[in-house]
Amino acid sequence: MKFPATLCIVLCMLLTTSYGFSQGNKSMKGAYALTRQTVNDTAMPIQQMKIYTEKYMIYAHPLPGDSVADYGIGTYKMDDGKVMEYVFYTSTGGAHNDTVQLNITKKGNGYSQLINFPSDSGQPFILVEDYDNVSKAVKTPLDGAWKQTGLVYMPKNGKAETSRPTQFKVFESGHFIWANTGQDSATQKLRSTFGYGTFVMKGNNQSVETNDNSTYKYDLVQKPVTLQIDLIGKDAFKQTIMWPNGDKLVESYDRMK
348 MKFPATLCIV LCMLLTTSYG FSQGNKSMKG AYALTRQTVN DTAMPIQQMK
398 IYTEKYMIYA HPLPGDSVAD YGIGTYKMDD GKVMEYVFYT STGGAHNDTV
448 QLNITKKGNG YSQLINFPSD SGQPFILVED YDNVSKAVKT PLDGAWKQTG
498 LVYMPKNGKA ETSRPTQFKV FESGHFIWAN TGQDSATQKL RSTFGYGTFV
548 MKGNNQSVET NDNSTYKYDL VQKPVTLQID LIGKDAFKQT IMWPNGDKLV
598 ESYDRMK
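So the number in this note's numbering is just where the residue sits in the sequence shown, counting from 1, plus 347.
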């Protein structure tokens, strides 16, 4: 079943929301996994994770049949049983300024969401999504939303390369999502990638991440990656990865406030 191009863009932007455990709760802080999505009762084959901090939300998933990502990040608030999301960056078009209102119903260990919105033709489309709460009861110094400020790639036998793609990373409830958009060196076109999964801190200076899903599925999925963490106060950190082939990757992040 094919949908109008504008609908596909909206779907990419609206792909989730979960609700707190009580109407009085003003935070949806936690990690949530999409278990089912339908558009007008047609099932959509999407595997997706969404994370909420106290202020920010991020979602990410692979596009069907392709090795690129769809993701969005923004702020949110809860008011009178509704969730308002303010998306400021997505993989479909970079910077955005979109507001989405969502009505949520608690369902088992998660939530069900229904969005009714018009298409270009005026025919309404109904988007229904179900999510499981997969949060872990852990707190770490990395919890929160971060934006990458620098990247240095150091090949074992070669010259160091610096770049600065637009990349975001969010940690919460023992889970993480990273997502970025940058120029593909082969095609010179913009390409978006992502990874999400769980992480375990070993002290304040080391983290082990396991990607459950990623555009780099053969290199990252279910292959634990050890990161050396250099915390710079509460609002900045560097992560260093030594790859098995001897290459080194250093990424710098600032906390989003």
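From the three backbone atoms N, C-alpha and C, an ideal C-beta is built for every residue, glycine too.
Item: Length at least 4, wholly inside the region 394 to 461: the alpha helix (DSSP H) runs in chain order; Value: none
Item: Neighbourhood of residue 604 by C-beta, 8 Å cutoff - its chain only, sequence neighbours within 5 removed; Value: 582
Item: Identity of the residues DSSP links to residue 386 by a beta bridge; Value: 389 and 474
Item: Which of helix, strand or coil DSSP assigns to residue 375; Value: coil
Item: Residue 552 (DSSP reduced to helix, strand or coil); Value: coil
Item: Residue range of the beta strand (DSSP E) that includes residue 310; Value: No answer is possible for residue 310: it lies beyond the span of the chain, which begins at 348 and ends at 604.
Item: Residue ranges of each beta strand (DSSP E) within the region 505 to 568, 3 or longer; Value: 508 to 510, 513 to 519, 522 to 530, 537 to 548 and 553 to 561
Item: Neighbourhood of residue 504 by C-beta, 7 Å cutoff - its chain only, sequence neighbours within 5 removed; Value: none
Item: Beta-carbon spacing of residue 393, residue 384 below 8 Å; Value: yes
Item: For residue 481, the three-state DSSP class (helix, strand or coil); Value: coil
Item: Option in 490, 459, 493 and 472 with minimal Cα separation from residue 478; Value: 459
Item: Beta-carbon separation (whole angstroms), residue 425 vs residue 391, contact threshold 8 Å; Value: No, residue 425 and residue 391 are not in contact; Cβ-Cβ is about 26 Å, not under 8 Å.
Item: Contact belief for residue 562 with residue 415 at Cβ below 8 Å, rounded distance in angstroms; Value: 6 Å
Item: Local Cβ density within 10 Å of residue 417, reported as buried at 16 or more and exposed below that; Value: buried
Item: Expected contact under 8 Å - CB spacing of residue 301 and residue 400 to nearest Å; Value: Lying outside 348 to 604, the shown extent of the chain, residue 301 is not represented and no answer is given.
Item: Nearest neighbour of residue 569, chosen from 554, 594 and 545 [CA to CA]; Value: 545
Item: Coarse secondary structure for residue 497, derived from DSSP in three states; Value: strand
Item: Minimum C-alpha distance to residue 381 - residue among 389, 542, 408 and 566; Value: 408
Item: Anticipated Cβ contact below 8 Å, residue 548 with residue 539, distance rounded; Value: Not quite, the Cβ-Cβ distance comes to about 28 Å (not below 8 Å), so this is no contact.
Item: Length of the line joining the Cα atoms of residue 598 and residue 451; Value: 36 Å
Item: Euclidean distance between Cα positions of residue 591 and residue 550; Value: 23 Å
Item: Sequence-distant residues of the same chain with beta carbon closer than 6 Å to residue 433, five excluded per side; Value: 421, 422 and 446
Item: Residue 599 (DSSP reduced to helix, strand or coil); Value: strand
Item: Residue 489 in three-state terms, based on DSSP; Value: coil
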